[in-house]
Every structure is written in structure tokens, then in C-alpha cells.
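Going letter by letter, the sequence shown gives residues 409 to 991 in this note's numbering. Working notes, structure below.
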Amino acid sequence: MSDSWDIPSAVSLYNIDRWGSGYFTINRSGNVQVMPTQQDDSSIDLMEVIQEARDRGMAFPLVIRFQDLLRHRVETVNRAFQSAISEAGYKSVYKGVFPIKVNQLREVVEEIIDAGGPFHFGLEAGSKPELIAALAVHRDPESLIICNGYKDQTYVKIALLGRKLGLSTADLVAASQYLKEEGMADALRLVHFHVGSQVPDIGVVKRAVREAARFFAKLAKMGHPMEFLDVGGGLGVDYDGSRTAFDSSMNYTLQEYARDVVYNIMDVCDSEKVPHPTIISEGGRAIVAHHSVLIVESFGSIEKATGDQLFEIKESDPKLLADIIEIHRTMNKQNRMENLHDAQQIKEQAQSMFELGLLDLESKAKIESIYWRVAEAVVDFCRGMRYVPEEVKELEIALGDQYLCNFSVFQSLLDHWALGQLFPIMPVHHLQRAPDRNGTLVDITCDSDGKVNKFIDLQDVKETLPLHRIRPGEPYYLGFFLMGAYQDIMGDLHNLFGRVNEVHVFLDEDEDSGWYIEEIIEGSTVGSVLSLTQWDKNELIRLVKSQVDAAIKSDRLKPNEAMRLLNEYERGLRGYTYLDFGK
Ligand SMILES: Cc1ncc(COP(=O)(O)O)c(C=O)c1O
């Protein structure tokens, strides 16, 4: 593979031109390049941002937000609806809202409101805190605040400050009757539905839109002054780039979605002879997913087949070891499967003997290492063959290295752990070289679930990711892409790792590089995450100090040494929660 390797090979291996949607590609230096406005002439080399963040003392993991990309998404979604409306001759307007549950970070919400200004783009709030935040940043009287979810009196009172209130589709018929009895028929103006997040199949969207439009029309005919039809969220993101109805993808484009929403509402309303409503949509992930990239440093890898010295055999070594070494030595393309099966038998025998106490740990380790070398050789022999047996494919997966990565799946990739959602993940540099290893990713939590072993693929799901062997002393950075929706705000405190460091990048023609870092948001410190679980920093220091004092008194520690320990402890409380490699 490496002889004919070039940048287009990397682009196709990681499929970046498909899931990247014109925002990401690989440049001639072999680094991932970001085009926040889909224009080649305003592009950013991701490694330059990483270098700048390092120079400013930022540690990894690091979230990089491209604010211009976020603005571009807001504009693109709004323009898609505007052009669908004018193409169809629809006789009303589109007024979208951003559901802030998808990313509540103030800088993200403010950027969206700002970019959405010309389109009267509003906000959707699903809880009291979200509503209180939304009311504060919502200044355009022509844009909407949509309030969803269950409500108590306070929520309704706060919502009425904004004078807009939506009800769910399921309540509409009963609500209509009730409102009429109370003389409030004109309070019902909006129909809202939400089929779910990340709807991969456009057929589902079309059917739901037609049904809701029918509700809307019937309610209008029942005497309510109906004005708005809110089609909820669900507009997909093509995480794997396959453009299919697979969960991590979508079988439609944004333009198709907008055209289908507009056309189906118009068709139903025309047949029912009711005026066209203002169309609202609450697409969240389609707006924010692309703008943020998580950069994670991989600091080591565990390979199954290692150690040439294992082939030196001593007289005291067991016969099984000599046998498996012989199997490996005599392997060729013709006998590969037979030799593999013999090696498997020896590995199983070694396991049984170990369990009975008849084999020492060192010999077991040697036998297993040589077994993995045999396996590696079989996989190599089968490479490029037209038919590769299933057992060899399984071996290839089992042979994958484990790349140790300084991050927490539970903090930064919760949807992957909880829902199996796939995100595009790839090295962000060295792509001028062919990746020479395949691996899975392991995080630094002490949890067996803290790993990534499912990766995007055009046909299916891949169990390993092509990666480069890590060179000692050189950092190896992986990018986790399309991370801006939900992952930022759903991360939990498993192992108390907390929020990661963050930089916000803006394009700027006046800068030599064409961009600058506007804001740095520091991630959680050890002290801050501890305080969230009722550990008071000062109390902790007091407790450790009393132990240190006792150790000095009983001559277990010298005073100098004791003070150094205490200082280290205090420094630890102020430090970043993730591993610090002292850069
Ligand atoms: C009521 C409502 N609207 C909008 C959204 C946003 O959905 P998405 O991010 O898939 O567009 C959600 C999220 O599930 C939701 O519950």
C-alpha cells in the first residue's frame, strides 16, 4: 500500500471528502485542513491551530471550535428553506429555531443568534434554565422562542414573559376542546412535532410532516387562528459519509429536506384550503455538529505481536514453545492455514497447562506472543487475495493494536458509549505517510467501556482504525470530528475528568495565517470537579496537612520533604484533570 500512497489515498481511506461536507480535507503537508466557509481560499491547517494552542500552554484533550463554520451552518440551513419556499411559491415564511439543549455553551448560542439575525432565527428551550438563558439573549422581536417539554407554573410564567408558548401534537385535540370551553380558542396557534433526533430516512420526515400538516389544517378549520407549523428537529448529519439510511448517515440532502417539508405542508394545506403556516424547524445537530473538533493525544500503543528476543530458546523452555517457534519458522503461503490451526492448538494447550499450574507465566507469555506473530503472518499472506476466509478477517481485528488516548469516552464521546453512535475519527497529521497499523482506542478511565472499537465505514462498521505507529518522543494527534452536537454538554463526571480545554478560532484576513484564536476556555481543574461531588478544596488540604504533620512528628517524614509533598498536593488540586505530559 505504501509504495503507491499519496494524499488522495488518505482522503479516500478516511472518507473525509464525504463526511467532511466541504468543511474538511487533507492538505499537501498531510495535515487535516478546515475550510470554515467551504472556500479553499479561507482554509486553516489544523496542525497550526494545535501548535498555537500548545505554544499558549494548552494541554490536551482540546476542543477546537470554528466559529465561522458555525455561522456558515446557520446561514446554509436558513438559505435552504428560503430557496425551497421561493421555488415552490409557498405563501408564508420560514422561521427556524436552535434547540439549545444540543449545545448550551454561551459562545455557541450567541454566535448562532448573531448569524441568524438576518433570518430572524430564534431559540427553542426545553427546561427552565434553558428558557432563562434564551430570554436573556433573544432580542429580535420577529424571531421566536419555542418552549417544549413538561412545564410547571414558574416555567409558564417565565415563558409568558416571552409571550410564545407551544403545545405538543398529542395534546392538540383535547386542548382544542378545553380552550373553547374556557373561551380561549384563539390561544391555540401552533402545531409542533418531533419524530426524534438524527432521522436517517427522508420517508419518515415526509410522512410525519404530512400528518402534522393535516392536524394543523383540521385545527384551523375547527376555529383556531393557526399560524405556525413546527416540524421539530431530526435533520440528520452524515457522520459516515455513506449517504444511506444507516443510523450514522442520512439518505437525503439539506436541500431535499427543506423542499420536502415545504412541499408537503403546502400540498396538505392547499388540499384543505387553509392558509400556509409560518414554518418552524428545530434542527439542532445539523447546525452545530460540524463546528467542533476534539483533538486527543495518543501517547502509546500496545501491540500483540512484539519482541524478537522471544525466539531465542533455552534448554529449560517447554516443548510447546519450541513447537510453536518451529511452526512460525516454517510458515509459507501454502501451509499458512494448517500452521495457523496448529499454533491455535498449542496456544489452547498452553492455556490449559497454565490453569493446572504446569506452565510458568513467562513461557505462557512467549507462546502467546509467537502465536500472534503466526496470526500476523497469516493475515499478511492473505492480503490482497480475492477470497479471505472469515477466520482470517476475525484474526485481523483481534490483532489490532490498542492506542492509549488521553481523554475520557464518558466525558467527550457519551453518545458513542451509550448509543453506539459513530463519529469520524482519524489522525490529523502524518497523512502523507501510509498508516502501517490498525488499532482500537482506549481512554484513560479505569473502565472497560472506556474504549472506541467501532469506526465509520462506507459499507458497514469497521472494528479497527488505520493508524501510524507512534514514534517515541513525537506526539500523535487524533481528531474526533462532527462533535459539536450533544457531546459537549452531555459528558458525565465518570472518574471525575470533567470538561476539556477549549479554543475558539476565527477567520481573519488581516492575520498572516488567515485566522486567530479569540478565546481560550480552560477545562476543569481537579479542585473544581471534586467540589461538584462535595469535596471542599480547603478541607482536603487541611486533612492532608494534618497527616503530614503527624508524619513529621513521628519522624516518618522530614519537614522539607513533607512540605514538598503538601505543595505537590495543592498543585494537583489546581491542575488539569487529564494526563499531563509536561509540555
Ligand atoms: C423537541 C426537540 N426539538 C429539537 C431537538 C433537536 O433534534 P436534532 O438535534 O436531531 O435536530 C430535540 C432533540 O432531541 C428535541 O427533543
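In this text, a Cβ means the ideal position worked out from N, Cα and C, and glycines have one as well. This one's a predicted model, so the numbers in the text were calculated from it and none came from an experiment.
Look at Ile521 here: in three-state DSSP terms it is helix. When the alpha-carbon of Phe789 is set against those of Leu873, Gln819 and Gln742, the nearest one is in Gln742. DSSP places Ile878 in the coil class of the three-state scheme, outside both helix and strand.
Spanning the alpha carbons of Lys961 and Leu973 requires a straight line of approximately 15 Å. In the DSSP assignment, Arg473 forms a beta bridge with Ser700 and His912. By the beta-carbon neighbour count (other beta carbons within 10 angstroms, threshold 16), Val564 is exposed. A residue is called buried when at least 16 other Cβ atoms come within 10 angstroms of its Cβ; Phe989 does not meet this threshold and is exposed. Going by beta carbons, Ala621 and Val670 fall outside the 8 Å limit. In terms of CA proximity to Ser417, Ala842 leads the group Asn903, Leu866, Ile878 and Ala842. Looking from the CA of Glu550, the closest CA among Ile688, Glu664, Tyr498 and Asp463 belongs to Ile688. Residue environment analysis places Val599 among the buried positions, since at least 16 neighbouring C-beta atoms fall within 10 angstroms of its C-beta. Around the beta carbon of Gln475, 16 or more other beta carbons lie within 10 angstroms, which makes this residue buried. The Cβ neighbour count for Glu804, taken over all protein chains shown within 10 Å, is at least 16; the residue is labelled buried. In this chain, Pro835 is not harboured by any alpha helix (DSSP H); it is covered by the beta strand (DSSP E) spanning Ile833 to Pro835.
Judged by DSSP secondary structure, Leu531 falls outside any alpha helix (DSSP H) and instead within the beta strand (DSSP E) spanning Gly530 to Ala533. In the three-state reduction of the DSSP assignment, Arg794 falls in the coil class, being assigned neither a helical nor a strand state. Non-local C-beta neighbours of Val796 in its own chain, meaning closer than 7 Å and more than five positions away in sequence, comprise Cys790, ordered along the chain. For Gln829, the distance from the CB to the nearest heavy atom of ligand 1 is not below 7 Å.
In the three-state DSSP reduction, His824 falls in the helix class (H, G or I). By the criterion of a C-beta distance shorter than 6 Å, Arg667 is surrounded in its chain by Ala492, once the five residues flanking it on both sides are discounted. Beta bridge pairing from DSSP links Val599 with Leu637.
Within its own chain, the residues whose Cβ lies closer than 6 Å to the Cβ of Ile521, once the five positions on either side in sequence are excluded, are Val545, listed in chain order. Using a Cβ-Cβ distance cut-off of 8 Å, the segment 634-652 and the segment 859-875 are in contact, since at least three pairs of beta carbons, one from each stretch, lie closer than that value. Inter-residue distance for His876 and Ala653 is about 32 Å (C-alpha atoms, whole angstroms).
Straight-line measurement puts the Cα of Val911 at about 6 Å from the Cα of Arg473. Boundaries for Gln810: no alpha helix (DSSP H) harbours it, while the beta strand (DSSP E) harbouring it runs Asp809 to Cys813, taken from the DSSP string. Measuring C-alpha to C-alpha distances from Phe914 to each of Tyr422, Asn556 and Leu454 identifies Leu454 as the nearest.
Proximity to Ile928 across Glu456, Asn439, Asp900 and Val471 peaks at Val471, based on C-alpha coordinates. Leaving aside the five residues that flank Ala697 on each side, the residues in its chain whose CB is nearer than 6 Å to its CB run, in chain order, Val645, Leu890, Gly892 and Ala893. Sixteen is the threshold: since fewer than 16 other Cβ atoms of the shown chains lie within 10 Å of the Cβ of Val581, the residue is exposed. For Trp427, no beta strand (DSSP E) run applies; the uninterrupted alpha helix (DSSP H) run containing it begins and ends at Ile424 to Trp427, by DSSP.
Not one heavy atom of ligand 1 sits closer than 7 Å to the Cβ of His684. Its Cα nearest to that of Glu926, the residue Arg464 stands out among Phe831, Arg464, Arg737 and Asn814. A direct Cα-to-Cα measurement between Glu705 and Pro883 gives close to 7 Å. In the structure shown, Tyr977 falls within a helical segment according to DSSP collapsed to helix, strand and coil.
For Arg845, the secondary structure class from DSSP, reduced to helix, strand or coil, is strand.
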